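S.K.:
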Amino acid sequence: MSLNKQYEGKSVMISGGLGDIGTAIAVALGSEGAHIALSDIFSEKEALKKLQVLTERGISFEYRQVNIKDSQAVDDWLVSLPANKELVLAVANAATVTLKSYQRLSADDWFNEIDVNLNGSYYLASTACRYFVANKIKGNVVFLGSWAAHRVHAHIPAYSVSKAAIRMLCKSMALEYASYGIRVNEIAPGYVNAGLSKEVWKKDKGLAAEARNKVPVKALIEASEVAKQLLWICDQDNKHVTGSTILMDGGLSLLS
């Protein structure tokens, strides 16, 4: 399937762009002709090292240091995009996780996680949708959720709550903007071989095997697989897919 006609000369926004999933999405969309606008909390100098993979592939991109918890900063990010490359997709990918039970979780821990994971996702989706409406663009918004929204996770309660809230945010925004031809969807992965988990599993093959064996399909998800799902859900032929959650957890949520 080729999406060149859909993304050639267009822009896409990806928050949390320096993470493994964000970078994989950037590579996938950039390979299909999109100009990639990425943001994260790191400096431009730090970012360019991580984004060398885009340069090597000849992908058009720009990076901006953005505090996703600041709605004005998110608005300014969109305004800074190239005027000659129409924005057609916003990917709310930025997230953080605190490995603490409720008894150890501080108020600051809680608010930070809700601010980044939920509020930050809302700010990006909201500013993108306002842009789409104002410019009569039938754009897409994709939230990166998690299978953690489906089950209780005692060690990551704030994360699970934030991802469960994103599920309803996705549905309510999808209904609000459906009449404008704007589609809003969510991708909810299970165990992804990315980020901190990837580093842990790389060092400890036993833990990697243990995680893999917990998954009914006996496989971990690669970041590139998440990117492929995003390409599919945003395809212009999928105009009836909105308010949906693509749960790609290998069957984890089916376990009791």
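Numbering (our numbering), first residue to last: 53 to 308.
Glycine is no exception: its CB is placed at the ideal position from the N, C-alpha and C atoms.
Given the structure is predicted, the values throughout are model-derived calculations rather than measurements.
1. If I measure Cβ to Cβ from A99 and keep anything under 7 Å in the same chain, skipping five residues before and after, which residues do I get?
2. For S305, which residues of its own chain have a beta-carbon under 8 Å away from its beta-carbon, when the five flanking residues on both sides are left out?
3. By DSSP, does F94 sit in helix, in strand, or in coil?
4. Quick one: residues in its chain with C-beta nearer than 6 Å to the C-beta of E60, no 5 flanking neighbours on either side, listed in chain order?
5. Could you pull out every residue in the same chain whose Cβ sits closer than 7 Å to the Cβ of A271, ignoring the five residues on either side in sequence?
6. Buried or exposed, going by whether 16 or more other CB atoms sit within 10 Å of the CB of T107?
7. Where are the alpha helix (DSSP H) runs, 4 residues long or more, that stay fully inside the segment 265-291, in chain order?
8. For I239 and Q288, which I take to be in contact (beta-carbon distance under 8 Å), what is that distance rounded to the nearest angstrom?
9. For Q155, is the classification buried or exposed, using 16 other Cβ atoms within 10 angstroms of its Cβ as the cut-off for buried?
10. Buried or exposed: which applies to F113, given that a residue is buried once 16 or more other Cβ atoms fall within 10 Å of its Cβ?
11. Sort A230, F195, A89 and L130 by Cα distance to L221 and report the nearest one.
12. So which of A135, G110 and N290 has the shortest CA-CA distance to L81?
13. Across which residues does DSSP place A142 in a beta bridge pair?
14. Go through its chain and collect everything with a Cβ distance to S296's Cβ below 6 Å, but skip five positions before and after it.
15. Taking C-alpha atoms, which residue in A216, V293 and A89 lies nearest to D128?
16. Near K137, which residues of its chain fall below 8 Å by C-beta distance, leaving aside the five closest residues on each side in sequence?
M.R.: Taking the coordinates as given:
1. L70, D92 and Y115
2. W199, H202, R203, G242 and L299
3. coil
4. G85
5. R264 and G302
6. exposed
7. 275-286
8. Not confirmed; about 18 Å, so no contact.
9. exposed
10. buried
11. F195
12. G110
13. M65 and V193
14. N237
15. A89
16. G61, K62, S63 and H87
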